[in-house]
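Worksheet: one structure, shown below.
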Amino acid sequence: MNESPWVALRYLFCALVLIGLFFVFPILDSLRLSFFRLILAFPWLGEKFVGLENYRDLFTDPIAFKALLTTLVFVAVTTSLEVTFGLGIALVLNETFRGRGLLRALVLIPWAIPTVVSSQMWRFIFNDQYGVLNAFLPDALKASYGAPLADPELAPIAIMIAEVWKTTSFAALIILAGLQSIPDELYEAGSIDGMSSWQQFRNITLPLVKPALLLALLFRTIDALRVFDLVFVMTQGGPADATNVIQYYGYKKIFAEGMVGYGSAVAVGIFIVSLVLSLLYIRTVGARLLEAEAK
Amino acid sequence: MESRRNSARVFAAGLFLLSLLCSSPAFANELRFLTFKPPTMRVWERAIAIFEAQNPGTKVVLELGPHSSTEFHDLVTQKLRNRDPSLDVFFMDVIWPPEFVAAGWALPLDSYFPVAEREKFLRAPIVANTYRGRIYGAPVFVDASMLYYRKDLLQKYGFAPPATWPELVRQAQTILERENDPSLSGFSGQFKQYEGLVCNMMEYIMSNGGALVDETGLTSALDEPKARAAVRFVRDKIVGEIGRKGMLAYQEPESLAVFAQGKAVFHRNWPYAWEISNDPRQSKVSGAVGLSPLPYFPGGRSVSTLGGWQLAISRFSRQPELAWKFIAVMTGEQVQKEIALAMGRGPGRARLYRDPEVLEKNPQFAQLVEIVARAVPRPRTPVYAPLSNIMQRYFSAAIAVPDSNIEQLARIAARDMNRVLDLLRDHAQP
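Protein chains in written order, with our numbering: chain A, 1 to 295; chain B, 1001 to 1430.
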């Protein structure tokens, strides 16, 4: 029990090396590159230190601003829907009924499918000529062949649907874990006191499942901020830039255009936004989580 | 004990990952060839067999990259940026040479590929592979866009293939009206926000006497009246009247599927669509497909976009001579003929377009060779990729909404393009 801290460090060594190699180093290198002008098409310029120039450009870049806005709307809509639907699914799965184990496994299927595959699937579903969506439409609507991915107003909604479909089950899983930690005695006591099931939900379930809800919200927010593969497969940012999320914009800057310095500034910008959001969450949510634990 | 065993396991995994990072998979007797999956793998296998027979002891290692040009570009540039010595020969899209040359990634081939030999290939792709007076790629596939049409429907209404865009719209309107089939549309092209959108729009703009960039190559020409008029025509007539809005989400395969299912009168595509739309197993219009050069606007001329794929050698390859020997096989008569026969793709070698055996299998090549001769490359500049992204954004915004403000969008696009081009002016290559 009284071993020196070196022992702990020895155990942690591998983890630290891996984290350093694959997380800390790339982040620091992006940060460094964001202060340089490095354009792959102009190798004779070399890596020129330009201070905050990339950031000045970023703050006056209307496309980056619009991309950030698109991303934040995407995050707000998808996470709130996922947690709402997730709660519903978790409540059902928490009841005892025949085939519950099977249903629990089935619910996880969307989450287990790689995003690239599910995005491809949704792209086909939304296709105007041979998509399944149009097959279900009434004939009157079918004549106009709805093409959600071709419409700048509908395309963002289409990718949100694909995202919610895929990750609601993840939220449901976390919330289900929260539901299962609520002792049955509380509900028994509630029934004896004559509480209706709505009252039980309001006064027992909801307060006690709140930590799990907040946790699901935190995970989903951070993850949704990084949305990339859906857009990459389904729309490539179009039409009319309507689905150009910030991660995709940064990716195009670095990998397609070779603007490594500027693209790194975009990446650092995303990093800062998610860091600030996480800290905000952890401060508000985390405090409540601790409170809930203490009770 | 358990935790110690676990940490040992993690340590071993870490070492394994490290070893992966450090190891270099290149061996002296291996030649690494980065390609996308060709329509018929057999042709590549034959080419490799010929090369390996000519160079005993050498093995070609095939690496398959993604199909989309943009994604293939990401993969190749990543390898070249990292000066990966295990890459010898790679495919290059027709728009990449200026970028790859400026970045110092492609090896000049002048000493291997003499002018006399170059003259045996079609001129357009040779010009596209030449930058600042040196050659960097040998053409394997040559593409040029063309107009596919429903021969049966045009004949039924007594139409000749349309020479101009307004004529195409009129014919489509008449056919749509008389056929009265709600599933039939007048036109099917590629209008998704991606590289293909630039090709499609360039054809309208240049066939109206406009351009994407001016003759100096250093100023955007999108905010000129003729360019704007062509964009407006696409928005109002092609997408707005005879085509479907769904086209705004189409790349080549989706648009071809519509045509091959008999649901479009006219279709714009590359030569490969001939084979598929005439294959009864994949197409409902087999035998009823007509082919012609793309239409133009009154007072303009027909403009096809030049496409196609070249083989290039990495500057970081340790065996450029061997790499060239492989390219010589791939661009040699025998393999080129197989490309034409088995893949139905336009080969780089000019003579094959007059070869009776090839023409019997691919009658469309007689027309293709004329279209290629007049095909126009996209702007040839090392900053093509950022320019393309600006143009894609503009074109998509301009045609996706019926009441888009084309004047304002064109002004912004031209300004953004000029900013990128200024970069080129300010930092001219020494």
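By construction, the Cβ of each residue, glycine as well, lies at the ideal position given by its N, Cα and C atoms.
Quiz item: Since GLY1243(B) contacts PHE1326(B) with CB under 8 Å, what's their CB separation in whole angstroms?
Solution: The residue you call residue 1243(B) lines up with position 243 of the second sequence. The residue you call residue 1326(B) lines up with position 326 of the second sequence. No, GLY1243(B) and PHE1326(B) are not in contact; Cβ-Cβ is about 43 Å, not under 8 Å.
Quiz item: Going by other Cβ atoms of all chains shown within 10 Å of its Cβ, with 16 needed for buried, is ALA8(A) buried or exposed?
Solution: Mapped onto the first sequence, residue 8(A) falls at position 8. By the neighbour-count criterion, in which a residue is buried when 16 or more other Cβ atoms sit within 10 angstroms of its Cβ, ALA8(A) is exposed.
Practice problem: Count the other CB atoms, across all protein chains shown, that sit within 10 Å of the CB of HIS1067(B); report buried if there are 16 or more and exposed otherwise. | Solution: Position 67 of the second sequence holds residue 1067(B). Its Cβ having fewer than 16 others within 10 Å, HIS1067(B) is exposed.
Quiz item: Using 8 Å as the threshold, is the segment 117 to 127 of chain A in touch with the segment 236 to 247 of chain A, meaning 3 or more CB pairs across them?
Solution: no
Exercise. Would you mind listing the beta strand (DSSP E) stretches within the segment 191 to 275 of chain A that are 3+ residues and don't spill past its ends, in chain order?
Key: none
Quiz item: Is the Cβ of LEU1248(B) closer than 8 Å to any Cβ of chain A?
Solution: The residue you call residue 1248(B) lines up with position 248 of the second sequence. Closer than 8 Å to some Cβ of chain A, the Cβ of LEU1248(B) qualifies, so yes.
Quiz item: Span of the beta strand (DSSP E) holding LEU91(A)?
Solution: Taking the first sequence and counting its residues from 1, one reaches residue 91(A) at position 91. Per DSSP, LEU91(A) belongs to no beta strand (DSSP E); it is in the alpha helix (DSSP H), 62 to 94.
Quiz item: Taking just the CA atoms, how far does ILE182(A) sit from ARG98(A)?
Solution: In the first sequence, residue 98(A) corresponds to position 98, counting from 1. In the first sequence, residue 182(A) corresponds to position 182, counting from 1. Going from the Cα of ARG98(A) to the Cα of ILE182(A) covers about 21 Å.
Quiz item: Between the segment 1376 to 1398 of chain B and chain A, which residues of the former have a C-beta closer than 7 Å to a C-beta of the latter?
Solution: Answer set for the segment 1376 to 1398 of chain B: PRO1382, VAL1383, ALA1385, PRO1386, ASN1389, ARG1393, SER1396, ALA1397.
Quiz item: Can you name the residues of chain A whose CB is closer than 9 Å to the CB of GLN1171(B)?
Solution: For the purposes of this step, residue 1171(B) is taken as the residue at position 171 of the second sequence. Here the premise fails: no neighbours, minimum Cβ distance about 22 Å.
Practice problem: Would you mind giving the Cβ-Cβ distance between THR235(A) and LEU133(A), rounded to the nearest angstrom? I have them listed as a contact below 8 Å. | Solution: For the purposes of this step, residue 235(A) is taken as residue 235 along the first sequence, with counting starting at 1. For the purposes of this step, residue 133(A) is taken as residue 133 along the first sequence, with counting starting at 1. Rounded, the Cβ-Cβ distance is 15 Å, inconsistent with contact.
Quiz item: Between LEU1168(B) and the ligand SAM, is the CB less than 7 Å from at least one heavy atom?
Solution: No copy of the ligand SAM occurs in the structure displayed, which carries no ligand at all.
Quiz item: Where does SER4(A) land, buried or exposed, given buried means 16+ other C-beta within 10 angstroms?
Solution: Within the first sequence, residue 4(A) is the residue found at index 4, counting from 1. With fewer than 16 Cβ atoms within 10 Å of its Cβ, SER4(A) is classed as exposed.
Quiz prompt | chain A contact residues for ALA1102(B), given Cβ-Cβ distances below 8 Å | solution = For the purposes of this step, residue 1102(B) is taken as residue 102 along the second sequence, with counting starting at 1. In chain order: ALA41, PHE42, PRO43.
Practice problem: Report back the beta-carbon spacing between SER196(A) and SER34(A) to the nearest angstrom; my notes put them in contact at under 8 Å. | Solution: Here the question's residue 196(A) lines up with position 196 in the first sequence. Here the question's residue 34(A) lines up with position 34 in the first sequence. Their Cβ separation, rounded to whole angstroms, is 57 Å, which puts SER196(A) and SER34(A) out of contact at 8 Å.
Practice problem: Report the three-state DSSP secondary structure of GLY1217(B) (helix, strand or coil). | Solution: Start at 1 with the first residue of the second sequence, and residue 1217(B) comes out as number 217. Three-state result, GLY1217(B): coil.
Exercise. Kindly indicate if chain B contains any beta-carbon less than 8 Å away from that of ASP229(A).
Key: On the first sequence, position 229 is the one that residue 229(A) refers to. Chain B, which has no Cβ nearer than 8 Å to the Cβ of ASP229(A), makes this no.
Quiz item: How would you call VAL116(A), buried or exposed, if buried means at least 16 neighbouring beta carbons within 10 angstroms?
Solution: Within the first sequence, residue 116(A) is the residue found at index 116, counting from 1. Classification of VAL116(A): exposed, given that the 10 Å Cβ count is below 16.
Quiz item: How long is the line joining the alpha carbons of TYR1272(B) and MET1201(B), rounded to whole angstroms?
Solution: Along the second sequence, one-based indexing puts residue 1272(B) at 272. Along the second sequence, one-based indexing puts residue 1201(B) at 201. Taking the straight line from one Cα to the other gives about 20 Å.
Quiz item: From VAL1383(B) to SER169(A), what does the alpha carbon distance come to, in whole angstroms?
Solution: Numbered from its first residue, the second sequence carries residue 1383(B) at position 383. Numbered from its first residue, the first sequence carries residue 169(A) at position 169. Approximately 44 Å, taken between the alpha carbons.
Self-check item: Where PHE1084(B) sits in the DSSP three-state scheme
Solution: Start at 1 with the first residue of the second sequence, and residue 1084(B) comes out as number 84. One detail in the question is off: residue 1084(B) reads as Asp in this sequence, not Phe. Three-state result, ASP1084(B): coil.
Exercise. Check whether the Cβ atoms of ALA1312(B) and PHE1113(B) lie closer than 8 Å to each other.
Key: Counted from its first residue, the second sequence places residue 1312(B) at position 312. Counted from its first residue, the second sequence places residue 1113(B) at position 113. Here ALA1312(B) is not near PHE1113(B), since their CB atoms are 8 Å or more apart.
Exercise. Have a look at LEU52(A), PHE49(A), SER80(A) and flag the residue whose alpha-carbon is nearest the alpha-carbon of ALA216(A).
Key: Position 216 of the first sequence holds residue 216(A). Measuring from the Cα of ALA216(A), the nearest candidate turns out to be SER80(A).
Quiz prompt | Backbone secondary structure at SER1314(B) - three-state DSSP | solution = By 1-based counting over the second sequence, the position of residue 1314(B) is 314. Strand, per DSSP.
Quiz item: With a cut-off of 8 Å, do at least 3 Cβ pairs link the segment 1213 to 1233 of chain B to the segment 1151 to 1162 of chain B?
Solution: no
Quiz item: Can you tell me whether LEU1294(B) is buried or exposed, with buried defined as 16 or more other CB within 10 angstroms of its CB?
Solution: As a working mapping, residue 1294(B) is identified with position 294 in the second sequence. Answer is buried; the Cβ neighbour count reaches 16.
Quiz item: Helix, strand or coil: how does DSSP classify PRO1363(B) here?
Solution: Sequence index remark: in the second sequence, residue 1363(B) carries index 363 (1-based). In this structure, PRO1363(B) counts as coil in the three-state DSSP scheme.
Quiz item: Hey, PRO152(A) and VAL1401(B) are a contact pair by Cβ (cut 8 Å); roughly how many whole angstroms apart?
Solution: The residue labelled residue 152(A) in the question sits at position 152 within the first sequence. The residue labelled residue 1401(B) in the question sits at position 401 within the second sequence. That belief holds up - the Cβ atoms of PRO152(A) and VAL1401(B) are roughly 6 Å apart, short of 8 Å.
Quiz prompt | Those residues which DSSP pairs with PRO1139(B) across a bridge | solution = Taking the second sequence and counting its residues from 1, one reaches residue 1139(B) at position 139. In DSSP, PRO1139(B) forms a bridge with GLN1310(B).
Self-check item: Span separating the alpha-carbon of PHE201(A) from that of PRO62(A)
Solution: Translated into the one-based positions of the first sequence, residue 201(A) becomes position 201. Translated into the one-based positions of the first sequence, residue 62(A) becomes position 62. Cα to Cα, the separation comes out at about 46 Å.
Quiz item: Residues in its own chain within less than 7 Å of VAL48(A) by CB, not counting five upstream and five downstream?
Solution: On the first sequence, position 48 is the one that residue 48(A) refers to. The sequence shown places Lys at residue 48(A), not Val. Correct list, in chain order: PHE36, ARG37.
Exercise. Could you name the residues of chain A that TYR1194(B) contacts, counting a contact when the two beta carbons are closer than 7 Å?
Key: Translated into the one-based positions of the second sequence, residue 1194(B) becomes position 194. What TYR1194(B) touches in chain A: GLN236.
Self-check item: Residue interval of the beta strand (DSSP E) (run including GLY1186(B))
Solution: Residue mapping note: residue 1186(B) aligns to position 186 of the second sequence, counting from 1. In the DSSP assignment, GLY1186(B) falls within the unbroken beta strand (DSSP E) covering 1185 to 1188.
Quiz item: For ARG1411(B), which residues from the same chain have a beta carbon less than 6 Å from its beta carbon, with the 5 sequence-adjacent residues on both sides left out?
Solution: Looking up residue 1411(B) in the second sequence gives position 411. For ARG1411(B), where only same-chain residues beyond five positions count, the Cβ hits under 6 Å are ASP1223.
Exercise. Under 7 Å between beta-carbons, which chain B residues line up against GLU47(A)? List them in chain order, please.
Key: Position 47 of the first sequence holds residue 47(A). What GLU47(A) touches in chain B: nothing, since even the nearest Cβ is about 13 Å away.
Practice problem: Tell me whether the beta-carbon of SER1304(B) lies closer than 8 Å to the beta-carbon of MET1146(B). | Solution: Here the question's residue 1304(B) lines up with position 304 in the second sequence. Here the question's residue 1146(B) lines up with position 146 in the second sequence. Yes. Within cutoff.
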